[in-house]
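Participant: Have a look at this one before I ask anything.
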Amino acid sequence: MLEQIANHFILCGYGRIGSIIANELHQQGVPVAVVERDPERVRQAIERGWLALEADASREDVLARAGIHRARGLIAAVGTDAENVFTVLTARVMRPTCSSSRGVESDDAEPKLRRAGADRVISPYQIGATHMVQTALRPAVVDFVHLATSSERLDLSMEQVHIKDDSALANQSIVDAGIRQKFGVIVVGIQAGGRSMEFNPPPEAVMRAGDELVVLGRTDSVKALEKEKGVVV
C-alpha cells in the first residue's frame, strides 16, 4: 500500500496534534502516511485506518519508504523541535520541491526550521491565543472562516487553486475567464509567484501561471473548477 500511495501527506508524529491532523486530512479526502516511533501510537494510527510506519522520520530510507518522492507534502509534528529540524532537513535534501510545515514549541526553533527548509512554521500557542482574541472581538468573522474552512461543512469550501503553465485560466483576467459565472466561485485572493497575497482582487486582475488563487464557493462548484485544464486544487 505504501508503494501505491501518491499525492499524499507524510505525517511525522502521531501525538495529540498529529492525530487531529490525520483526522482532518482524512475529512478533506487527502491520503496520509504516518511515521511514528512509539509502537502504541502506531497501533492507534493503524486502528484508525491510516497507513503507518514504526520508524524514525529523520532517516532517508524511512521517508523514501513513506513515498517522499510522490508525496504532496510533509508535516512534521514530532515531539521535539530538534527532531523536527532534522526531519524537515532530510525531506528537503531528498526532495527540494516537497512542501513542509511544522509547529514549534520554542521561539528560537522557528528560524532553525526555516533554514532547514520548512515552508510554513506554526506555533499552536500563538494560533490558539490569536483565535481566542479574534473570537472575543469578531465572533461573526471567526464563525464564517470556520464554516468556510472546516471539513464539517460539506456544502461550502474555501480552497487554494494553483494555476499551471498549461491552464486555460493563465493570462486571463478574472472577469474574462468567467470564474464566477462559469463555476459559481469567488476569487478572494491571488498570490502571485510566492509573493504577498492580494486580497479581494479586482475583476480586471490577471491570473498567471504559477499563481495561487484562494476561492470560495460551494464544494461541487470548487470541484468543477478543479476539472478545468491545468488547475490543481
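Numbering (the working numbering), first residue to last: 113 to 345. Glycine is no exception: its CB is placed at the ideal position from the N, C-alpha and C atoms. This structure is a prediction, so every number in the text was calculated from the model and none was measured.
For the candidate residues Phe-121, Glu-148, Glu-115, whose alpha-carbon lies nearest to that of Arg-128?
Facilitator: The shortest Cα separation from Arg-128 among Phe-121, Glu-148, Glu-115 belongs to Glu-148.
Participant: Mapping DSSP to helix, strand and coil, what is Ser-279?
Facilitator: Coil at Ser-279, not helix or strand.
Participant: Between Asp-323 and Gln-293, is the Cβ-Cβ spacing less than 8 Å?
Facilitator: No. Outside cutoff.
Participant: Cutting at 7 Å between CB atoms, please list the residues of its own chain near Arg-177, excluding the five before and the five after it.
Facilitator: For Arg-177, where only same-chain residues beyond five positions count, the Cβ hits under 7 Å are Leu-114, Leu-165.
Participant: Report yes if the CB atom of His-120 is closer than 8 Å to the CB atom of Arg-184, and no otherwise.
Facilitator: Yes, Cβ-Cβ distance for His-120 and Arg-184 is below 8 Å.
Participant: Per DSSP, which residues does Gln-293 bridge with? Please list them.
Facilitator: None, per the DSSP bridge assignment.
Participant: So the alpha helix (DSSP H) Met-206 belongs to, where does it begin and stop?
Facilitator: Segment 193-206, the alpha helix (DSSP H) holding Met-206.
Participant: Report the option in Ala-134, Gly-130, Leu-175 whose CA atom is closest to the CA atom of Val-205.
Facilitator: The residue with the shortest Cα to Cα distance from Val-205 is Leu-175.
Participant: For Met-309, count neighbouring Cβ atoms within 10 angstroms of its own Cβ and tell me buried if that reaches 16, exposed if not.
Facilitator: Met-309 should be labelled exposed.
Participant: Put Ser-131 into one of helix, strand or coil per three-state DSSP.
Facilitator: It is helical.
Participant: Here's the rule: buried if 16 or more other CB atoms are within 10 angstroms of the residue's CB, otherwise exposed. What is Asn-196?
Facilitator: Counting Cβ neighbours within 10 Å, Asn-196 comes out buried, since at least 16 surround it.
Participant: Mind checking whether Ala-169 and Ala-134 have CB atoms under 8 Å apart?
Facilitator: Not closer than 8 Å, so no.
Participant: Alpha carbon to alpha carbon, how far is Arg-171 from Gln-116? Give it in angstroms, no decimals.
Facilitator: Their Cα atoms are separated by approximately 21 Å.
Participant: Got a sec? Which residues, its chain only, sit under 6 Å from Ser-269 by beta carbon, not counting five neighbours each side?
Facilitator: Excluding sequence neighbours, Ser-269 sits near Thr-331, Val-334.
Participant: According to DSSP, simplified to helix, strand and coil, what is Met-113?
Facilitator: Coil.
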